[in-house]
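Counted from 1, the sequence shown has number 379 at position 278 by the numbering used here; the numbering is strictly sequential. By construction, the Cβ of each residue, glycine as well, lies at the ideal position given by its N, Cα and C atoms.
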Amino acid sequence: MKILYKIIIILFITATLFIAEEDITAVLGDINSYFNKNIKNPVIKLTEKENILPSKIDMPGALRVADDIFTINKISLSKDNIITLTNKYRKENGGLIDLKENKQLNLSAEKKLQDMFTNQYFEHISKNGKGVNDLGEEVGYEYILIGENLAMGNFRNEQSLLDSWVASEGHRENIVNDHYTEIGVAVGKGKFEGREMWMAVQHFGTPRSICPAIDSILYSTIVSDQNTIKEMEEELVLRLDMINKKVVYKGSSHNEQIDEYNNLLNPYNKLIKDIKEKINIYNDQVRAFNACLVSQSDE
């Protein structure tokens, strides 16, 4: 408290009128000591962006059913009907909300469908090592949760396809996962291993926008303020050193240097106070976002 009291005197009273020169040197020494102990690196550590929790991916084994169930020429499967029947099943099995069709998930599902036909494979991971998470990122879908159901076979109709999925535990879990809020579907016919075959892809997602936002502009402002504080601190340390050495600095006399030093303290201390408040706000945002991720991904 004594040191802070001396600081207040330096800030608000002209030192040369009220304090002897020897006392001024002692007080400035106390201020320097106070800075070194309490103000050096004053900014608390930000919650790192990397601390944002990882997203979750669900990929049950690809479902392949007997391909001679129905004559392929009589089959016509619709993306819209698959989404409708999926939501109907969710409602009848737990009263779950409808999944909202998402254009980006439709696109990622279509990319998966076409890649499987083009490169002749039927797996969640493509021949170049891409999974549903990679496809989601490629189409710009920012997610907390993302999942994929695959099916191949000449199904009689969309209901037959859905029945095959829900008969498989892993695929059913995706369909009735109450954390998912969006869906995209692709279905099509093509050549696979020399035969005409239907494939279907469901992409499920929970977008990051469902959780509180993290202010990236605030983060950039904090980083900028940290750099400014460092520059101001270096200037204060230099000026204090010149005052203690009682030499002319930048054409200013000893007493003028004290006034200039005191004038720099106010914006410096104010910026420290402001940046701590900004950091607290930013860290609260990250904690809230992480808590949302945990709540959305809990099984």
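Bridge partners - residue i, DSSP secondary structure assignment
{"i": "K306", "result": "In the sequence under discussion, the amino acid at residue 306 is Gly, which differs from the Lys named in the question. Partner(s): I247 and E283."}
{"i": "V288", "result": "A301"}
{"i": "Y350", "result": "S353"}
{"i": "K228", "result": "Answer by DSSP bridge pairing: none, since K228 is not bridged."}
{"i": "R86", "result": "Residue 86 falls outside the range modelled here, since the chain spans only 102 to 400, and no answer is possible."}
{"i": "E202", "result": "I284"}
Straight-line gap, residue i to residue j (C-alpha atoms, nearest Å)
{"i": "D279", "j": "K192", "result": "11 Å"}
{"i": "N258", "j": "L178", "result": "6 Å"}
{"i": "D181", "j": "I276", "result": "15 Å"}
{"i": "E249", "j": "T219", "result": "19 Å"}
{"i": "I382", "j": "G271", "result": "40 Å"}
{"i": "M298", "j": "Q221", "result": "12 Å"}
{"i": "R309", "j": "I245", "result": "5 Å"}
{"i": "H304", "j": "V387", "result": "27 Å"}
{"i": "N364", "j": "Q397", "result": "51 Å"}
{"i": "E336", "j": "N384", "result": "29 Å"}
{"i": "D235", "j": "K351", "result": "58 Å"}
{"i": "Q260", "j": "V395", "result": "34 Å"}
{"i": "K347", "j": "V338", "result": "14 Å"}
{"i": "N188", "j": "I376", "result": "48 Å"}
{"i": "Q267", "j": "L197", "result": "Position check: residue 267 holds Val in this sequence, whereas Gln was assumed. Those two C-alpha atoms are separated by around 15 Å."}
{"i": "G289", "j": "I176", "result": "11 Å"}
{"i": "G291", "j": "S227", "result": "17 Å"}
{"i": "L366", "j": "L319", "result": "24 Å"}
{"i": "K371", "j": "N328", "result": "15 Å"}
{"i": "N229", "j": "E243", "result": "22 Å"}
{"i": "E378", "j": "S317", "result": "16 Å"}
{"i": "E97", "j": "K231", "result": "Outside the shown range of the chain, which is 102 to 400, sits residue 97, and nothing can be said about it."}
{"i": "M253", "j": "D216", "result": "14 Å"}
{"i": "Y190", "j": "C393", "result": "27 Å"}
{"i": "V349", "j": "N391", "result": "54 Å"}
Supposed close pair residue i, residue j - CB separation, criterion 8 Å
{"i": "V286", "j": "N207", "result": "7 Å"}
{"i": "I380", "j": "Q358", "result": "Not quite, the Cβ-Cβ distance comes to about 32 Å (not below 8 Å), so this is no contact."}
{"i": "I315", "j": "I373", "result": "With 8 Å as the limit, I315 and I373 do not qualify as a contact, their Cβ atoms being about 23 Å apart."}
{"i": "M333", "j": "L214", "result": "With 8 Å as the limit, M333 and L214 do not qualify as a contact, their Cβ atoms being about 58 Å apart."}
{"i": "L341", "j": "Y362", "result": "6 Å"}
{"i": "T282", "j": "K201", "result": "6 Å"}
{"i": "F256", "j": "S269", "result": "Going by Cβ atoms, the distance from F256 to S269 rounds to 14 Å, so no, they are not a contact pair."}
{"i": "L186", "j": "L263", "result": "5 Å"}
Chain C within 8 Å of residue i, Cβ atoms only
{"i": "P368", "result": "Here there is only one protein chain, and chain C is not present."}
Contact set for residue i: own chain, Cβ-Cβ below 8 Å, skip 5 residues either direction
{"i": "I184", "result": "L200, E202, I284 and V286"}
Cutoff 6 Å; reference residue i; Cβ partners in own chain excluding five residues on either side
{"i": "A210", "result": "G285, V286, A287, V302 and H304"}
{"i": "V240", "result": "Q205, L208 and S209"}
{"i": "I311", "result": "none"}
{"i": "A389", "result": "P313"}
{"i": "N194", "result": "V277"}
Same chain only: Cβ atoms within 7 Å of residue i, ignoring 5 sequence neighbours per side
{"i": "S353", "result": "E361"}
Is the segment 315-334 touching the segment 289-306, taking contact as three or more C-beta pairs under 8 Å?
no
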